[in-house]
Structure formats: structure tokens, C-alpha cells
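Trainee: I have a structure here, written as C-alpha cells, and I will follow up with some questions on it.
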Amino acid sequence: MKSMTCRQLGGACDEVFRAETFEQIAELSKKHGMEMFQKGDQPHLDAMNKMQSLMRSPEQMQAWIEDKRKEFEALEEE
Ligand SMILES: [Zn+2]
Numbered sequence: 002m003k004s005m006t007c008r009q010l011g012g013a014c015d016e017v018f019r020a021e022t023f024e025q026i027a028e029l030s031k032k033h034g035m036e037m038f039q040k041g042d043q044p045h046l047d048a049m050n051k052m053q054s055l056m057r058s059p060e061q062m063q064a065w066i067e068d069k070r071k072e073f074e075a076l077e078e079e
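Heads up, the sequence shown is in the working numbering, so the first residue is 2 and it goes up one at a time.
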């Protein structure tokens, strides 16, 4: 298992996600983001706006994902 925080994954808090693969951790972060969005949590709304402007460029988005994937791969197994 490896862990990353919401903030490390482009979010806005220190909630920790644990998963075996980057895909799983990205999924957990997405779910958490949706929950926070539904609660109308302002810091997460701001973080999401930032991500959305990043997503307008597929290359930029891909580069961001690859960056995070490398960060995840470099983590120590827990
Ligand atoms: Zn969060």
C-alpha cells in the first residue's frame, strides 16, 4: 500500500488515501473531491476550478497525471 494526501493529488486538505495502484488512489481522490463538492467546501471548489482549467489542455492534463503517477511510483511501500 502507498499513501498520498488530497493536497498532493490536486485537492485542498490533508486527508490521506491509501491504495495499491495509482489508478485506485486517483479514484479515491476523485470520490472524495465529489463529496466535498456536494458539501460546497470552498477550498475544494477552488482546487477543482484549478484542475478544470488544467483539463482544457489535454497535453497539460496528461503531463500532470504522469507527474503524479511518478510521484506515486516513487513512494515507499507501507
Ligand atoms: Zn480533500
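The C-beta atom is built at its ideal place from N, Cα and C for all residues, glycine as well.
1) Report the three-state DSSP secondary structure of R70 (helix, strand or coil).
2) Consult DSSP for S58 and reduce its assignment to one of helix, strand or coil.
3) Specify, as a first and last residue, the run of the beta strand (DSSP E) that M5 falls within.
4) Contact between the segment 53-64 and the segment 28-41: three or more CB pairs below 8 Å?
5) Considering only their Cβ atoms, is the gap separating G12 from S30 smaller than 8 Å?
6) According to the neighbour-count rule (16 or more other Cβ atoms, all chains shown, within 10 Å of its Cβ), is K3 buried or exposed?
7) Beta strand (DSSP E) containing A20: first to last residue?
Mentor: Quick look at the numbers:
1) helix
2) coil
3) 3-6
4) no
5) yes
6) buried
7) 17-20
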